[in-house]
Amino acid sequence: MQEILETAIGSICKTRPCSHCGLPTYCDQTELRVFCCNGCMGAFALIHELGLEDFYALRSAKKTSSVDGMANDGSRSAILADLQASGVEVLSMSDGSCSVRLSVEGLHCAACSWLIERIQPTIPGLHSAVVRMSDHTIELIYDPTRTQPVLVSKRLSRLGYSLSPWTVDFENDQRFIQQQRDHWVGIALAAFFAANAMWIGVALYAGESTGISLSHEYFLRWIGTVLALMATALPGRLFFQTAWQAIRTRTPHVDIPVALSLLMGIVGSLVGAASGVGQIYFDSLASLILLLRIGRYIQFRAQYKTSLSLAKLLRWNAVSATLVEADGTKKTVPVSRLQIDDRIEVRPGETIPADGLVIQGVSSVDTSLLNGECLPESIAIGASVVGGTTNITAPITVAVTSAGSNSRVGRIMELVRDAASHRTPSVAAADRLSKWFVLVVLLLAVANWCGWAFFVDAVLATQHTMALLTIACPCALALAAPLVLTVALGRAAKRQIWIRDGNCLERLAKPGFLWLDKTGTLTCGRMKVVAWHGDDECLQYAGSIEKSIHHPIANAICDFAKRRGLTLSVSTEIEHQLGKGVKGSVEGVLVVIGNEEWLNKQGIAISVEWLDLQTKALAHAHTVVWIAIRGVVGGMFEIGDPIRPDAVETLHAISDRGWRMGILSGDRQEIVDYMATLLRNDGIAIDVALGQQSPEDKLDVIRRCKEDTTRPCAMVGDGVNDAAALAVADVGIALRGGSEQTLYAAPIFLANGRLASVSELIEASVLVVRGIRRCFAASLVYNAITITLAMMGWIHPLVAAVLMPLSGVTVLTMAMSTNAFSGKSSK
Amino acid sequence: MSVLYVALPVALLLGGSALIACLLCIRSGQYDDLETPSVKLLNDELKP
Chain R
1 MQEILETAIG SICKTRPCSH CGLPTYCDQT ELRVFCCNGC MGAFALIHEL
51 GLEDFYALRS AKKTSSVDGM ANDGSRSAIL ADLQASGVEV LSMSDGSCSV
101 RLSVEGLHCA ACSWLIERIQ PTIPGLHSAV VRMSDHTIEL IYDPTRTQPV
151 LVSKRLSRLG YSLSPWTVDF ENDQRFIQQQ RDHWVGIALA AFFAANAMWI
201 GVALYAGEST GISLSHEYFL RWIGTVLALM ATALPGRLFF QTAWQAIRTR
251 TPHVDIPVAL SLLMGIVGSL VGAASGVGQI YFDSLASLIL LLRIGRYIQF
301 RAQYKTSLSL AKLLRWNAVS ATLVEADGTK KTVPVSRLQI DDRIEVRPGE
351 TIPADGLVIQ GVSSVDTSLL NGECLPESIA IGASVVGGTT NITAPITVAV
401 TSAGSNSRVG RIMELVRDAA SHRTPSVAAA DRLSKWFVLV VLLLAVANWC
451 GWAFFVDAVL ATQHTMALLT IACPCALALA APLVLTVALG RAAKRQIWIR
501 DGNCLERLAK PGFLWLDKTG TLTCGRMKVV AWHGDDECLQ YAGSIEKSIH
551 HPIANAICDF AKRRGLTLSV STEIEHQLGK GVKGSVEGVL VVIGNEEWLN
601 KQGIAISVEW LDLQTKALAH AHTVVWIAIR GVVGGMFEIG DPIRPDAVET
651 LHAISDRGWR MGILSGDRQE IVDYMATLLR NDGIAIDVAL GQQSPEDKLD
701 VIRRCKEDTT RPCAMVGDGV NDAAALAVAD VGIALRGGSE QTLYAAPIFL
751 ANGRLASVSE LIEASVLVVR GIRRCFAASL VYNAITITLA MMGWIHPLVA
801 AVLMPLSGVT VLTMAMSTNA FSGKSSK
Chain W
1001 MSVLYVALPV ALLLGGSALI ACLLCIRSGQ YDDLETPSVK LLNDELKP
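Heads up: the protein sequence lines correspond to chains R and W, in order.
So the first sequence is numbered by the numbering used here: it starts at 1 and just counts up by one.
So the second sequence is numbered by the numbering used here: it starts at 1001 and just counts up by one.
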């Protein structure tokens, strides 16, 4: 019957894309437009109302704007309502209007910026609204007496774009704009000198072939030389400055060869112009400076973009907080403004913006970010809460105890950032290599000039040596390795994998020995009913009794009963003996729950068939709990700590990469053995399964393992009990525990609590190491080939100037595209 | 005296004035955002 109904529905209802956002929507075929929700319908209506239907034609078919931005609207618009108080820079213009830069979320393509800017004429008092696509910001210029940013924000949020205070700091942005202008000025100047030097050069070459009076030739030569000198003095100064700084601090820098090459050009030109014989270089020199300046600018852009995207990766906390003043009024402030002892209100669903103590309200918080705990933790007055966690059920008021970089989350982020700035072996190697590289290039240049000057002539020698000095580019070496690593660490942090030490990430690339803790690592770490032999009536009685007891097994039974959809009744006369069992009565019926010994003590006999079941259960290392109703056995629970659902798949992936694995547990040996057998049955090679290990034993095992093999010895475990072993292992990966304490012991902490992240880590490690090597190789091959060609005299200095930035940008792009942690495996 | 001694400085002065105009443009911030204008170009004819 149901099947027929479904086919019937299927024939009239089909999915069609929503007319606004493009999400598949069930609809009646006859409708002209379909909407997935009222939000989209509203946005569509507004766009039509304003006569902006072209939006739909302009936007690309694939990129659809989401409506996520709507959720946080309340707190954001409060911030925007009082910009000055929120610490947002508002510039007052001379004509009385104000200008403010805000960040826009939900920008996708040209159509978005078009649509947003078209809003401007519809809001009286808004003089201009200019979107900057490069960093997703909008600049509003408005008349403060007639409109406010909050109005604009409300308008835009109806379209699915949300405005928020711009978080990139103002000074940084100003500095970037200033630097960019300096680059442009340099390029403009260099272009002017290069172009003019060039046509003077053309005149001279033409004169050479058709005849030119000597006085004209001298005049042109001197004008050309002056232009070239000005080019070196103005736009070319940059290279001499950095080279001079590098020489003073005795750190070989890529600008030393470049400056040397320019110097050779000047000297050559001057000698040529003064003596009137030999090649002069002023046209090449000016063009060289132009190309070098353009190359520098391209690299500057690439680096700025990289740093922007890195900053985005490492920024994730709450933006605003609701501050409760002494007189009870509330106002929204940016998190950076919070101070100790401030009172803040956190509504359900919001991220707690700072560490503090609850002073009002009872709620529960999701702390999974910090300790991987998936069950919400209940909190009441006096409880401490941690910034970054999410308030779930009810509003609470919190007195701030530490905020910003002093808060726990702040410290974690600092640890991760430190890791990014810390030099791992390959980064240090790259650094050393690039220093040697500059020295080698300088030596080669000297040898090259002497060789060409001795065997051929000084003019060609100068030209070829200039090419050699220009083309050699060690920057790729120095830049690539740290960049690859930083990108990986940032992406990992986004996935709640905190990495304190970049070394560890590199070490995981080589397969070694992986030790796994059992409880909480291979298993869920929580008692669960894995099998139930009995009927629902029995289960309901069991649940009703266990409801009033707080014990892992009782909780497991209670959960199980609830998940079956049973309503639990009230129990009375509860009698509980720890480690044995419990008895009580439900609606006048006597219920006894406990182990075999407890039931026997109550005078209840267990039949042989039931005991057979118990033997089987015990063989599976399960704990057996009996239930008897009115003195008769009614059912049996098998309770265990089941293997994590993702364990088998993860371990398969890890062993496929050549890792050997062992279990290291504090649990009884037979349980550990059983676990190993289970895993082996699934085709996973567990080499060793050690049970009854105290934390000290674990430490010993790891130490011995490290001595036995040169390969990495990794340990995955609990951040609390296994801290010592985790700290000693080559790579310690903690799955549970409080983040920052654990991070001090274990360099890697999986705050997402997923075992699968271990295989993600290993995969990422391989990718990182491969990415670094690839960048190294590319850079070395490039330099080897081009230097050889330049020494053979096949490359003109101008070609060299074009090739040099190309290699740098290529390597930057390669580094950024290393896809460690970018896989789709996040759930 | 050859015309070259006049023409060349004049040409340089003309070029120099264009250069100064360009520098003024840069200082005024016209080149600060290079991405958005390229995108807006497509939409100009749709202006209300």
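We treat Cβ as the ideally placed atom computed from N, Cα and C, and that holds for glycine.
Bear in mind the structure is a predicted one, so any value in this text is a computation, not a measurement.
Using DSSP with H/G/I as helix, E/B as strand and the rest coil, what is residue i?
i	result
Tyr-1005 of chain W	helix
Ser-19 of chain R	coil
Val-362 of chain R	coil
His-216 of chain R	helix
Asn-558 of chain R	Sequence inspection shows Cys at residue 558 of chain R; the Asn mentioned does not correspond to that position. In this structure, Cys-558 of chain R counts as helix in the three-state DSSP scheme.
Ser-402 of chain R	strand
Tyr-1031 of chain W	coil
Ser-569 of chain R	coil
Met-93 of chain R	coil
Arg-660 of chain R	strand
Asn-595 of chain R	coil
Ala-605 of chain R	coil
Trp-626 of chain R	strand
Gly-631 of chain R	coil
Thr-389 of chain R	coil
Gly-717 of chain R	strand
Ile-379 of chain R	strand
Pro-1037 of chain W	helix
Out of the options, which has the shortest C-alpha to C-alpha gap to residue i?
i	options	result
Lys-330 of chain R	R:Gly-265, R:Asp-143, R:Thr-397, R:Asp-355	R:Thr-397
Met-661 of chain R	R:Trp-598, R:Leu-50, R:Ala-689, R:Gly-631	R:Ala-689
Glu-1035 of chain W	R:Arg-301, R:Trp-199, R:Arg-526	R:Arg-301
Thr-401 of chain R	R:Ile-340, R:Leu-460, R:Ser-162	R:Ile-340
Cys-21 of chain R	R:Pro-645, R:Glu-49, R:Phe-55	R:Phe-55
Ile-574 of chain R	R:His-550, R:Ala-561, R:Lys-562	R:His-550
Leu-516 of chain R	R:Thr-225, R:Ile-352, R:Ile-686	R:Ile-686
His-576 of chain R	R:Ile-604, R:Glu-546, R:Arg-175, R:Val-589	R:Glu-546
Leu-789 of chain R	R:Gly-512, R:Ile-762, R:Gln-463	R:Gln-463
Thr-242 of chain R	R:His-253, R:Ala-233, R:Thr-232, R:Val-487	R:His-253
Ser-378 of chain R	R:Ser-364, R:Thr-389, R:Thr-390, R:Ser-384	R:Ser-364
Leu-508 of chain R	R:Ser-157, R:Ala-764, R:Gly-753	R:Ala-764
Arg-139 of chain R	R:Gln-179, R:Leu-159, R:Ser-97, R:Pro-645	The sequence as given places Glu at residue 139 of chain R; Arg does not occur at that position. For the residues R:Gln-179, R:Leu-159, R:Ser-97, R:Pro-645, the minimum Cα distance to Glu-139 of chain R belongs to R:Ser-97.
Leu-838 of chain R	R:Glu-707, R:Ala-724, R:Thr-351	What the structure shows of chain R is the stretch from 1 to 827, and residue 838 of chain R is not part of that stretch, so it cannot be assessed.
Tyr-697 of chain R	R:Asp-708, R:Asp-673, R:Ser-665	Before going further, note that residue 697 of chain R is Asp rather than Tyr in the sequence given. Nearest of R:Asp-708, R:Asp-673, R:Ser-665 to Asp-697 of chain R, Cα basis: R:Ser-665.
His-796 of chain R	R:Ala-461, R:Thr-677, R:Arg-526	R:Ala-461
Ala-605 of chain R	R:Val-258, R:Ala-619, R:Gly-631, R:Lys-616	R:Gly-631
Ile-854 of chain R	R:Asp-535, R:Ala-619, R:Lys-528	This structure cannot settle anything about residue 854 of chain R, because the visible part of chain R is limited to 1 through 827.
For the alpha helix (DSSP H) containing residue i, name the first residue and the last one.
i	result
Lys-528 of chain R	First-last for Lys-528 of chain R: 528–533, but that is the beta strand (DSSP E), not the alpha helix (DSSP H).
Gly-579 of chain R	Careful: Gly-579 of chain R lies outside any alpha helix (DSSP H) and carries neither H nor E.
Tyr-161 of chain R	First-last for Tyr-161 of chain R: undefined, no H or E at that position.
Gly-272 of chain R	255–275
Ser-779 of chain R	756–791
Arg-237 of chain R	237–248
Pro-695 of chain R	695–708
Lys-680 of chain R	In the sequence as displayed, the identity of residue 680 of chain R is Arg instead of Lys. Segment 669–681, the alpha helix (DSSP H) holding Arg-680 of chain R.
Glu-546 of chain R	536–546
Determine the contact status of residue i and residue j, defining contact as a CB-CB distance below 9 Å.
i	j	result
Cys-504 of chain R	Ile-748 of chain R	yes
Ser-261 of chain R	Met-466 of chain R	yes
Ala-628 of chain R	Gly-640 of chain R	no
Gly-691 of chain R	Cys-538 of chain R	no
Met-675 of chain R	Leu-522 of chain R	yes
Val-185 of chain R	Ile-1020 of chain W	no
Cys-705 of chain R	Val-731 of chain R	no
Ile-123 of chain R	Tyr-161 of chain R	no
Ala-203 of chain R	Ser-287 of chain R	no
Val-586 of chain R	Val-570 of chain R	yes
Ile-733 of chain R	Leu-761 of chain R	yes
Val-130 of chain R	Cys-112 of chain R	no
The beta strand (DSSP E) that contains residue i, what's its start and end?
i	result
Ile-471 of chain R	Per DSSP, Ile-471 of chain R belongs to no beta strand (DSSP E); it is in the alpha helix (DSSP H), 458–471.
*Starting from the N-terminal side, write out each stretch of the beta strand (DSSP E) that is 3 residues or longer and does not extend beyond the region 502–529 of chain R.*
513–517
_Complete runs of the beta strand (DSSP E) confined to the region 127–155 of chain R [at least 3 residues]_ = 137–142
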